[in-house]
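Following this note's numbering, the numbering of the sequence shown begins with 17 at its first residue and continues without gaps.
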Amino acid sequence: LRLARRMGAGLSDERIAALIAEAQRVLDDPQFAPVFAPAGLAEAAIGGATRGLALSGQIDRLVILKDRILLVDYKTNRPPPARVEDVAPGYLAQLAAYRALLQEIYPGRPVEAALLWTYDARLMPVPTDALDNAQRLTLA
17 LRLARRMGAG LSDERIAALI AEAQRVLDDP QFAPVFAPAG LAEAAIGGAT RGLALSGQID
77 RLVILKDRIL LVDYKTNRPP PARVEDVAPG YLAQLAAYRA LLQEIYPGRP VEAALLWTYD
137 ARLMPVPTDA LDNAQRLTLA
């Protein structure tokens, strides 16, 4: 709670406790076990060039499996969108950029992306076509 107070300057103890409970609920939920498995990397730095653009960022959770790569970005929107079509274009662009870099790092392995909405503890897989469209718009 002390760290949360320092990080959340200006937030009430009640608000900090609610945010901690929200995060703990996600971490304790069995449906997210594959995301938080020991093979996953937290806050994985990524950088490189793709399509002539230099990109860098930090992937909230990166799971490297033998047959595929999963990247997960945490979002705290209140309330979160119910459908991928309603997700902010910037979020999709961010995932598309990370995916483009990961495809170059791990050629031959499919790269899947998802948004983890902490407010309602929900993992929203982002379909390939949504990422392709965001990539066309962002990295064109």
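Heads up, the beta-carbon is just placed ideally off N, CA and C, and yes, glycines get one too. The structure displayed is predicted, hence computed values, not measured ones.
Burial is judged here by how many other beta carbons sit within 10 angstroms of a residue's own beta carbon; residue 59 has fewer than 16 and is exposed. Assignment of residue 125 by DSSP, reduced to helix, strand and coil, places it in the coil class.
Assigned with DSSP and collapsed to three states, residue 109 falls in helix.
Under the Cβ criterion (8 Å, minimum of three pairs), the region 94-107 does not count as touching the region 63-80. Less than 7 Å divides the Cβ of residue 130 from the Cβ of residue 139. When rounded, the separation of the alpha-carbon atoms in residue 91 and residue 132 is 6 Å. In this chain, the beta strand (DSSP E) harbouring residue 74 covers 69-80. In the three-state reduction of the DSSP assignment, residue 90 falls in the strand class, which pools E and B. According to the DSSP secondary-structure assignment, residue 34 is paired through a beta bridge with no residue. Counted as a single uninterrupted DSSP element, the stretch harbouring residue 155 is not any alpha helix (DSSP H), since DSSP gives it neither H nor E.
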